[in-house]
Amino acid sequence: MTGLPAGLELVRARALTVGPIEAWFPMEPGDRPLVTAGEAVVAGAPLTDRLRDPRTEVVAGPVEADAEPGTWWAGDPSRGRRGPASRVRGELLFRSARRWRVAAGDPGEPLVAPFAGVVGVVRSGIGLSIRTPARGLLGVDVIGDATTGRLDIVAPRDGYVRASEIDIRAADSILVAGAHIDAEAITRARAVGVRGIVVAGLGIKERREIVASERRARASVHALSPFAVLVLEGAIGRPIAPAMMTMLEALQGLSVAIIAEPACLVVEDPKVGLPKPAPGRVGIAAGPLAGVEGAWGGLAGQIRCAGGAFLEAGYVLLDGRGPIAVPLGDLERYA
Amino acid sequence: MSGSQQGARTPRTLAVADVGGATASVALLGQVDGRWRLLGGLAAPAGAPVDVLCQVVAARIAAVDPELARDLEIGANGQADFPWLRSRSHPPATLLVLAATRRAVGLLESEAVRTGWRCVSASTETHDPREMTALALRPDVGAILIGAGDPPGPDERSALDDLAALGAAVAHRREDLPIVLAGAMRGRGIWGEASRKPDAEAAASTSLRPVEAPAVSGRRGAGADLRAVLDGLLAEPDDGRQALRRSAESLADLLDRRVELVEIGLDGGTRVLAEPGVAGADPSSQAIVTVVGALVPTEADDATVDGVLSWTTGGLDRHRMADRLRDLRAHPWADASGDGARLRLAAASAALMRLAAVTPEFGLRPAPDVTVVAGGAFATAPPAAIALAVAGTIRRTGATQIAFDHARLLGPIGTIEDAAERRALLADLVVDALVPLGTVVVAGGLGVRSTGRRRDRVASGRVHLASDETPTTRDLVAGGLAFLPLAPGSVAEARFEFEYPVHLGRQARRMTVPVTGGLAGLVVDLRDVPMRLPERRDRRRTIVADWSAMSWPRDER
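The listed protein sequences correspond, in order, to chains P and V.
Just so you know, this note's numbering puts the end of the first sequence at 1509, numbered straight through with nothing missing.
Just so you know, this note's numbering puts the end of the second sequence at 1289, numbered straight through with nothing missing.
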């Protein structure tokens, strides 16, 4: 038995929070891990040295017979001919025709731990994990790097943030931008030192512009601070779910972090209470009433919807209104 | 998949579940008057527990027909311990295709996309070793295919050692990763060098699985062995898409008809062509299961978005459509009515086009006697729109009867391993399991109509439908469509007369085609074969809107 009201099991469960968290930080071949499994790290500790402008070098490589792909290797300037090849440092990829392929490049900005934790696994060229007892507010997607900042709500849950509304006072903060934000506002936020944005919907166009902007930032000589956008709902602008917004309001002014895997807003302070939605509450996630919450009223059977489609529905008791039948697919319950 | 039945005595009620990427569907079957009948069904977003779904269905049956429920031992509250038939669609894994040249990668990939793998590719011409290693180490990569010609082409030879060494290094770092070697990549002596062990031992210590496949070539059919190996890596006993093939074979055997089955799901599509056995032989089939046929690919590129846009009538630009498709991919169960239903069908039509493009050999065969449409992508579309979507994408001249697997029974039934048992169950259920949508008659060779100028259209021919109901006669226009009412279960003869000889299975001016009725009736399709839509978006939208108005019950937008 699930203990849920009858029929509510058929509504898709949406997890709002996660905890404890095992965060995964992907690495590329050539990125050098600076931590080992089991090591405790504090927030801000460097985790990996990441390469800028990575490339493949072909060198004679190590003389040791037990050299293995994936290990870090630095050329010895005192050995053999002196030249650029002897200064190669990087990750051994594979050996072919008696010469090693090495993933090398210029040192870039390090990846730093966005929160304290214990290193789980470290797999060179693949990634590393950090375990933390912290809790996270789950989104669907993150674009950008892991980042930290003070949470600042600048728009209501169905609001929209324009570029003109973002100024230098938002530096070092993570902004909650409501239902939607455009690319221009994101560019401005990046320029004034905003560390991250939490938004309900982010379109493909904006995603592509952020990715391109991050690529340019990483390629520049003066690296910018990490920046990320946490998308809570999807691609189309719709209001932040009321239950999620209530939690975000409880975090106003507190230090939080954004990580990509799992895509969430990490809250380290265990004393912060995250208000949970009442049992039996359901949210309407799609359709004309998207963003509205109510109490579950039971299965309604099949209803005829626009376009002649017959869909299985459930009753939702909206505050101050009678029950309405909503297709089960448009509903979500909070787990 | 459990095709087994629980309990010592023969069950009189059977629960059937098909768990897809988007929705879970449950149906209850019961023995009524000595034969299996579909009692009811229900679908809910994926993740809904199928036992709860079954309980709801059973409770509704008990409420509607208490006597039947009592007879079938269904409790009033739906509580019962039914034996189950289950099938499941598994999310696709990623296959990394590596080769020395773009050409070789293209050949390998052209076969790999005709399997259940999602493909990512790289060659030494396009990627450096670091980039190729990065791709191979991605956690979502589930297998690597490294291939070359046998013997290797002159453009490949210089890179083969590097490729083999790269494969060995990746096998060393990810021992859980199956690595498939095709063509001249087999037997390269580099594996031992990379792992410091003799070759045989090295191969045994990793999950290396050399492929006994022919060399990669552009020759049609040469990749069948390679596909079999790749599909074998994904084999699951309860896989719903593989089970559809067995059901299609049983249907062909049962109906003694050539059956084509097309299925579009969230994570992939299936196309099966099954033929009854001749002279007592078992039925045979050809099948392609491919992620290319997914309703919306995981990462929808511009071509995918344009493909969907070409079947829509709205004013969305490419970015907004990409947003809609991204959300459809993330929440395929949501927003399933109104505009959402139209978007789904447009996405399903685009997926059918992709499915047809990767199965060209199917298109060379004559039109099947029966076309079965399956998959949750069609669940909320009206019957005429489903028939039109299939007719507009899987284009062949001739006549075919179209039916819809509305309760998603064919997947679970296909998991029954015993062919005779499967056939017997289908024999009882075929009437309930397949909703007849009607007959689609596609005629080719009538030329291109002048788009948007209705007054200039002149009749190219005429169809006379002689049935027990009121006989119907309709003028036919080149490039146009005609829907003639013909009730489900009705059998009639359609007599066609054209001004000039047309292709309709064969070439003639006058012909008579036996047709059967359905919810959409008789659909006469005189559009181009293959379909050619105008490049200009406004003109294309006008045409698609015309077709849409014919097939959707009312435009409520």
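C-beta: ideal position from N, C-alpha, C; glycine also.
Within chain V, no C-beta atom comes less than 7 Å from the C-beta of P:Ser1387; the nearest is roughly 17 Å away. For V:Ile1118, the enclosing alpha helix (DSSP H) begins and ends at Pro1115 to Thr1125. Scanning P:Leu1285, P:Pro1462, P:Thr1306 and P:Val1292 for the CA closest to the CA of P:Arg1392 turns up P:Leu1285. Close CB contacts of P:Glu1383 within its chain, under the 6 Å cut and outside five residues either way in sequence, are with Ala1357 (chain order).
DSSP places P:Gln1426 in the coil class of the three-state scheme, outside both helix and strand. Along the length of the region 1022 to 1098 of chain V, whole alpha helix (DSSP H) runs at least 4 residues long occupy 1034 to 1041, 1050 to 1062, 1071 to 1089 and 1092 to 1095, reported in chain order. The beta carbon of V:Asp1055 falls within 8 Å of a beta carbon belonging to chain P, placing the residue at that interface.
Within the DSSP bridge table, the entry for V:Trp1284 names no partner.
Between V:Asp1033 and P:Thr1361, the alpha-carbon positions lie close to 24 Å from each other. Going by C-alpha positions, V:Ile1145 is about 30 Å away from V:Val1255. In summary, V:Ser853 is buried, with 16 or more beta-carbon neighbours lying within 10 Å of its beta-carbon over all protein chains present.
Of all residues in the region 1009 to 1041 of chain V, only Ala1032 and Val1037 come within less than 9 Å of chain P when Cβ atoms are compared, listed by chain position.
Under the three-state reduction of DSSP, P:Arg1478 is assigned to strand.
Apart from the 5 residues on each side of it in sequence, V:Pro1220 sits with its Cβ closer than 7 Å to the Cβ of Pro1168, Gly1249, Gly1250 and Leu1251 in its chain, given in chain order. By the Cβ rule, the region 1155 to 1174 of chain V counts as touching the region 1217 to 1234 of chain V, because three or more pairs are nearer than 8 Å. Under the 10 Å beta carbon count, P:Ile1342 is surrounded by fewer than 16 other beta carbons and is classified as exposed. Of the residues V:Ala1139, V:Asp797 and V:Ala1119, the one whose Cα lies closest to the Cα of V:Thr1132 is V:Ala1119. Chain P places no beta carbon closer than 8 Å to that of V:Thr858, leaving this residue out of the contacts.
For V:Leu785, the nearest CB of chain P lies under 8 Å from its own CB, placing it at the interface with that chain.
The beta carbon of P:Thr1230 is closer than 6 Å to those of Arg1275 in its chain, skipping five residues each way along the sequence. The Cβ atoms of V:Leu976 and V:Leu827 lie no closer than 8 Å to each other. The beta-bridge partner set that DSSP reports for V:Phe814 is empty. Within the model, the alpha-carbon separation for V:Val1247 versus V:Thr1129 is close to 15 Å. Here V:Leu1265 has Ser1042, Arg1272, Ile1275 and Val1276 as same chain residues with Cβ atoms under 8 Å from its own Cβ, once five neighbours each way along the sequence are excluded.
Among the residues of chain P, those whose CB is under 7 Å from the CB of V:Pro777 are Arg1186, Leu1502 and Gly1503, following chain order.
V:Pro1144: member of the alpha helix (DSSP H) spanning Leu1142 to Gly1146, first to last residue.
In this model, V:Phe1215 and V:Ala1011 are separated by some 38 Å (Cα to Cα).
The way I'd put it, the region 1204 to 1212 of chain P does touch the region 1282 to 1298 of chain P; three or more beta-carbon pairs between them come closer than 8 Å. In the same chain as V:Glu968, and ignoring 5 residues on each side of it, the C-beta atoms closer than 6 Å to its own belong to His822, in chain order.
Under the Cβ distance rule, V:Asp894 counts among the residues neighbouring chain P, one pair being separated by less than 8 Å.
Contact note: V:Val788 reaches chain P through Gly1181, Leu1184 and Leu1473, using a C-beta cutoff of 8 Å and chain order. Excluding its 5 nearest sequence neighbours in each direction, P:Pro1330 has C-beta neighbours in its own chain below 7 Å: Gly1352, listed in chain order. Counting only residues of its own chain and dropping the five nearest sequence neighbours on each side, V:Leu785 has a CB closer than 7 Å to the CB of Ala756, Val758, Leu774 and Ala776. Fewer than three beta-carbon pairs drawn from the region 1395 to 1410 of chain P and the region 1232 to 1252 of chain P are found closer than 8 Å, and the two stretches are therefore not classed as touching.
By the neighbour-count criterion, in which 16 or more other beta carbons inside 10 Å mark a residue as buried, V:Glu1149 falls on the exposed side. Counting every other CB atom within 10 Å of its CB across the protein chains shown gives V:Glu841 a total of 16 or more, marking it as buried.
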